[in-house]
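Residue numbers (our numbering): 29 to 790.
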């Protein structure tokens, strides 16, 4: 790689006066140093500078680290690596390797997971999934090699994630070789447990979120310790209050819930989640109402005080740590912008001393940056304001990229112009806001009519229902919806009509309703009016009408953008789906790991009696009618499909436990079929999912909603509909973020492993 005064490959080392001569004293004043341009700058290819600046700006836009090689060949590889096609392909590879768990033994490819009448699932032949997996591992190895090459060996040794990446790939390949050597008959596949790492290491935001969670754990642990002390204290009190007595009639509470330490702890732990309330107190409460004081006191302190305190602590602490993480992202953006400025400043010697860049060079760079067209146009427009002067200084260059943090305003196409006065009046009427309110009122009336008919027909059989009345109601409203769509197209034009998402939603449902109504008439009125709709050879008329009704109910959702608070809630939910993928990804990782552990520990341990296995066409009533089990147990509740016999069933079981309801039934069943120690697994999952992750999710919902509420508090309904909030985690905390100073940015640029700067004191 050629060397110049600005960019010197790390293999050549820093030039004299570079790294070693930088001190805090040099940073005390503003613009304390100037750049010295080498005489060889005219010999450099200007194309390389443009490409370097473009890549650095892409790093800034995507909040990526700029600590990578900047020579021409490395930049080509770097851009190819971060291209959309490669990233989509790599994401697909991660999805494939994770989905292998559903196909590998024990396979989830069966109709049901119910162990009583589950048919043998398809088991892949040895080498089938292993062949797919080795291809994925090769891709991961290539990914590791490219990343390592782009950042260099020195940076690789400092990167714990890449070192862990190397270890995970190595262990996976070794375990893969062992599987083949054992003809795929091994009991444990260690690589299944570490596969989620591939998902974690591919997301920078997920890494930051995981780091924030790790830093939040000490605060959470203190409250959990307090919960444990609370639980132990009341367990001892409970064992003293409900001992075994000579009177067997008074031993019901002891027998069911306080028989020993393990049972007592479990009973009160479940009561902490309210899953067994009031069952746990009924035997004692039926003897003496005073015992209710014990259970109520336990619930008030534990459930309503300590658990909610835990939520508050998680919200407060996690928000602080996430703010720190977001601060790092903002520094990355500013650092990338500053580095791009330093690259462009070398275009001309006379401008380097003045610390400014040519506007033409900035426009040329912006034409090559991969970014959304909207933001490219906005930044380019800002840069063109300085064309008269011809140059931009450092602060002007930084400010044009503030457009990245601004909301995108949806501009609707202009309405068509009509010369006729009558047409103009009609256009005003049909484009007026009150016309939309009229449509919403009729949609509400439509829903009320449908609900009334459904209530009146709820006790009638399909043959007894008056379907013609329903058809007439549907037809009347469909005619109005078609009229509304036509006049809105007349008022706004095709492009203007389609520029509103509500109109697209309304139009789609209107056309769907019309097609279904025509299908009903074509099928049952002409030319086959003699056909009985209840015949099995055709779709039921009632089923088709019910589907039409469902679409009409969905159409009523059009009122959401017209109610400010409802629009805010809906927008918050959409933003959660778009921007909180890191939390969903971490939840996937946690589910995956616990599901694999569950299969290792509990696969096949719960087996129904042999005489309960029946053909799949036997009714559930006949299956269970001849067996009696204790009320509320796994067997009595018919929870047989919830097991750890395959990966898919494990995921559903873990979800059911996370919801909390009746989770004690699963814990009790597996403790009876295995040992009391199995309860540790279920308690760990409850702490991880319900206590930890759910509270984190609640904290982010609160933060997202509060941010959007503050921003839209002064907006009208029209403004809420007009503005599309493109909220990101960075924007949520924008007001609390401290922008890095230029001196701080220069310090970090001096530490760049491949971008070495030479400075001269002024």
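Every residue gets a Cβ at the ideal spot worked out from N, C-alpha and C, and that includes glycine.
Remember, predicted model here, so these are calculated numbers, not experimental data.
query	result
Return the residue from the list 299, 253, 659, 517 that minimises the CA-CA distance to residue 328.	299
Could you name the residues of the same chain whose beta carbon sits closer than 8 Å to that of residue 694, not counting the 5 residues immediately before and after it, in chain order?	662, 667, 670, 681, 684, 685, 710
Consult DSSP for residue 420 and reduce its assignment to one of helix, strand or coil.	strand
Can the beta-carbon of residue 103 be found less than 9 Å from the beta-carbon of residue 79?	yes
Quick one: Cα of residue 767 to Cα of residue 358, how far?	7 Å
Which residue comes first and which comes last in the alpha helix (DSSP H) that contains residue 218?	218 to 222
I'd like to check one pair, residue 688 with residue 302: are the Cβ atoms closer than 9 Å?	yes
Going straight from the alpha carbon of residue 658 to that of residue 307, what length do you get?	14 Å
Count the C-beta pairs between the region 774 to 782 and the region 89 to 104 that are closer than 8 Å, then say yes if the count reaches three, no if not.	yes
Is the beta carbon of residue 85 closer than 9 Å to that of residue 363?	no
Closest to residue 417 by C-alpha separation, out of 388, 430, 427, would be which residue?	388
Helix, strand or coil for residue 386, going by three-state DSSP, please let me know.	strand
Is the region 436 to 450 touching the region 118 to 134, taking contact as three or more C-beta pairs under 8 Å?	no
From residue 81 to residue 392, what distance separates their C-alpha atoms?	10 Å
Please return the same chain residues whose Cβ sits closer than 7 Å to the Cβ of residue 361, not counting the five positions on each side in sequence.	88, 91
Quick check on residue 564: does DSSP put it in helix, strand or coil?	Residue confidence is low: residue 564 scores 43 on pLDDT, short of 50, so the model does not pin down where it sits. Its coordinate-derived value is still stated next. Coil.
Taking the alpha helix (DSSP H) that residue 80 belongs to, which residues open and close that run?	74 to 89
With distances taken Cα to Cα, identify the nearest neighbour of residue 520 among 445, 471, 478, 541.	445
Leaving aside the five residues before and after residue 718 along the sequence, list all residues of the same chain whose C-beta is less than 7 Å from its C-beta, in chain order.	686, 688
Measuring straight from C-alpha to C-alpha, what distance separates residue 134 and residue 729?	37 Å
Taking 8 Å as the threshold, find out whether the region 160 to 173 comes into contact with the region 197 to 208 through three or more Cβ pairs.	yes
Can you tell me the Cβ-Cβ gap for residue 419 and residue 384, rounded? I've got them flagged as a contact below 8 Å.	4 Å
Given a threshold of 16 other Cβ atoms within 10 Å of its Cβ, counted over all protein chains shown, does residue 65 qualify as buried or as exposed?	Confidence is the limiting factor: at residue 65 the pLDDT is only 40, short of 50, which leaves the residue's position unreliable, though a coordinate-based value still follows. Burial call: buried.
For residue 181, which residues from the same chain have a beta carbon less than 7 Å from its beta carbon, with the 5 sequence-adjacent residues on both sides left out?	none
Among residues of its own chain, excluding the 5 on either side of residue 452, which ones have a beta-carbon nearer than 8 Å to its beta-carbon?	446
Just confirm the distance between the C-beta atoms of residue 630 and residue 698, as a whole number of angstroms; I'd bet it's less than 8 Å.	6 Å
Using CA atoms only, rank isn't needed, just tell me which of 460, 273, 264 is closest to residue 518.	460
With residue 129 and residue 675 assumed to form a contact (beta carbons below 8 Å), what rounded beta-carbon distance in angstroms separates them?	4 Å
Could you compute how far the alpha carbon of residue 316 sits from the alpha carbon of residue 295?	19 Å
For residue 291 and residue 624, what's the separation of their Cα atoms in angstroms?	27 Å
Check whether the Cβ atoms of residue 325 and residue 289 sit closer than 9 Å, and answer yes or no.	no
By alpha-carbon positions, which one of 341, 502, 715, 450 ends up nearest to residue 471?	502
Taking C-beta to C-beta, are residue 109 and residue 174 nearer than 9 Å?	yes
For residue 558, which residues from the same chain have a beta carbon less than 7 Å from its beta carbon, with the 5 sequence-adjacent residues on both sides left out?	In this predicted model, residue 558 has a pLDDT of only 48, less than 50, meaning its place in the structure is not dependable; the value taken from the coordinates is given anyway. Nothing listed; no residue qualifies.
Reducing DSSP to helix, strand and coil, say where residue 154 ends up.	coil
Give the secondary structure of residue 172 by DSSP, where H, G and I count as helix, E and B as strand, and everything else as coil.	helix
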